[in-house]
Every structure is written in structure tokens, then in C-alpha cells.
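Heads up: the sequence shown at position 91 corresponds to 91 in full-length UniProt numbering, and the numbers run straight through without jumps. Ideal Cβ positions, reconstructed from N, Cα and C, are used throughout, including at glycine. Remember, predicted model here, so these are calculated numbers, not experimental data.
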Amino acid sequence: MKKAVAIFILALLVISCKNGDGKSGYILPTSNGKTNKVLVVVKGIDWQGALGDEIRTVFGEHQVGLPQPETLLSVGQIDPSGFSGFMRNNKAILVLQQGQKEGLSVEKNKYAEPQIIVYGTAKNKEGLINLVKNRGKEIIKIFKDEDIKFTQRIFKKERIDETKFKTAQDLEITIDIPKRYRLVEDTGEFLWLRQHLKSGIARGDGTNNVLIYSVPLEDESNVADNIVAVRDTIGKKHIPGSKEGMYMITEQAFTPFTFDAEIDGKKAYETRGKWEVKNDFMAGPFINYTVVDKKNNRLIVFEGFTYAPSVNKRDFLFELEAIAKSMKIK
């Protein structure tokens, strides 16, 4: 019995000397914190002053394309004196500190896993304010990109086998879509998957939706200009409303925003805007990725749209973004 206990203890010691990367050290605890949330480590007096104002201004920029104002990232603050124990296990941390070596540095999985810590260093308080002002978008991108990877790792473990969908086979794509999405339509040219949401007044009716299809590549210089027209054509053909003559269109009172993007190493366009149902009151946000597939002389289109009245929608759109960016074109 004593021998068995000794072997068990020895095994625990061996295991505890390896972390997630296989390096020597203790096993890291699992990180805590929600997606799109950052813990800022800065003195309370600075948080209440000009530095805190600059942080709230930069991180408080609104995500475009949403019906209600929602920030790009949510931020919380803790004083360096309280940054210990459980608080150090947050998934995303921004440490603002004074020091001689100015700039940004990144450290991963220091106190927990997965975790990313961004250190912003400047010689004085004014320097920290300028650092946040001038490199705030870069800091946000670091956190957003890491959240995308984190979300994609989860989805990859619980992904649908897309080879069972004729459209995915015919388009020769792979994509990591969670199994909670259910098939609505699969024609071989158009794929529609839907997840029913569990919150808000639309509980049971609220949904996150994935659309995948392709259109011919005719004039690459006009791709961005034609995105709305293409999605409206698809909406009329495939996304009906509750009655005859009702179908999805791009909201006419709101001009979508289009940005340059990249999917699977290919040129793409990211479009964010609002959809509505013609002659009805249903509406919500969408995110569209139109990918230029020159090799096959076509555009591959991924679109995600959300219907979730009464609740914030930023994180629903973020999930759809993570799915889209997992797409691979053979």
C-alpha cells in the first residue's frame, strides 16, 4: 500500500513539473475572463485621471454595424497592489507601467493558460497617455486576434463534419463550425446553418446564422462595390420572411462599412452592416466576408447574421467572425 502511494505521489510530481508547452515548471491554472474583455493593471489615481480617460476613449470606440452602441472591447481596472492570486489568471491583461525601455511587449501563458499579457511601458505618465493614444488600435488588434484563436481552438474540438454538406464539397472548402449549428438549406450552391440562441426576448426565435455560397469573379475592381447587390440577390432567393413578398435585404437606411481583409491567405473584403426583412419588422446585424479566389475565377462568400432583439450582439458577431476566419479554400 505504501509503495502504491509513493508511486502515485511521484507521478503527480512528474506531471506538475510540466506546463502546457512541455517545459519545466508547474501546471498552469485555466485562465478566466470573457471574450472581448481586458483587465487593465494601472494605479487607481491614474485610472481616474487623464490616462484612464484615454484608455476609455480608445477601447470605448464603437463596433461598426451593430444596432445599439457596443464597444470594441470591454475593460476593467485593477491597481497593481491588487494584481495577485486569482486576479492574475485573467485571459487578457494590459499592464501599463513606467520604465526606461519604452514600447509594447507581449507575454503569453505567464500565470494561466490560455493567457496574453500586453505590457505598455513609457518613461512617465504623459508617455503612457501618448502610448495608448498612438498605439491603442495595435493593442486592440493583439487582444482581438488572440480571442479569435482562442475561440477557433474551441470550435475545432466541436466542429461539424462539413464534408456531409454538398455545398462545402462542391466549393471545396473546410471550415470550423460548432455542432450546435443545424442545417437549414444545402443546395450544392448555397449552404445555410442556424444556431438557436438562449437569451433575450427572442429566446427560441433568436438565432445566429451562417451562409456560404459562391458567385463568378467578373471584374475584380468592382468586387467591393457589388457586395450589397449580391447579398440582396441571395436574400431574395434564399432567405424568406414569414409571408409572401417578405425576404432579407440590406437595411436601406444604414450604409454598410467595408474593409480590406484576408481569409486563408487570399484577398478578401469584410463588410459589416444591418439587415432587415422587406415589409416586416425583423432586423439585425451581419458580417460578410467576400473572398477573391482567382485560381477558380470566383468569389467565395461567407456571411453571418444575427437575430437577437433586446440583447447585445457584439459577441454573437464575434463568434461568426471566428468561424469565417477558419475557412480554408482548396
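- Assignment of Asp46 by DSSP, reduced to helix, strand and coil, places it in the helix class.
- Looking at the DSSP output, Phe143 sits in no beta bridge, so it has no partner there.
- Gly120 is bridged by DSSP to Leu96, Leu104.
- DSSP, read as helix, strand or coil, puts Pro69 in coil.
- Straight-line measurement puts the Cα of Val38 at about 17 Å from the Cα of Leu128.
- Residue ranges of uninterrupted beta strand (DSSP E) with 3 or more members, entirely inside the region 248-280 and ordered along the chain, are 248-250, 257-263, 266-277.
- Here Glu270 is buried. Its C-beta has 16 or more other C-beta atoms within 10 Å.
- With contacts defined by Cβ atoms closer than 8 Å, Asn32 and Asn89 form a contacting pair.
- For Glu244 and Lys237, the gap between their C-alpha atoms comes out near 12 Å.
- Secondary structure of Thr163 (DSSP, three-state): helix.
- In chain order, Leu28, Pro29, Ser31, Asn89 place their CB closer than 6 Å to the CB of Ala112, counting only its own chain and leaving out the 5 sequence neighbours on each side.
- Within the same chain, Cβ atoms closer than 8 Å to the Cβ of Thr163 are found at Gln169, the five residues on either side in sequence being excluded.
- In chain order, Ser31, Lys91, Phe150 place their CB closer than 7 Å to the CB of Pro114, counting only its own chain and leaving out the 5 sequence neighbours on each side.
- No Cβ-Cβ contact shorter than 8 Å links Ile227 with Ile329.
- Counting along the chain, no beta strand (DSSP E) covers Ala324; the unbroken alpha helix (DSSP H) around it starts and ends at 314-324.
- With 16 or more other Cβ atoms from the protein chains shown falling within 10 Å of its own Cβ, Lys313 counts as buried.
- Residue environment: Gly82 is assigned as exposed (fewer than 16 neighbouring CB atoms within 10 Å of its CB, all protein chains considered).
- Here Ser214 carries a strand assignment [DSSP, helix/strand/coil].
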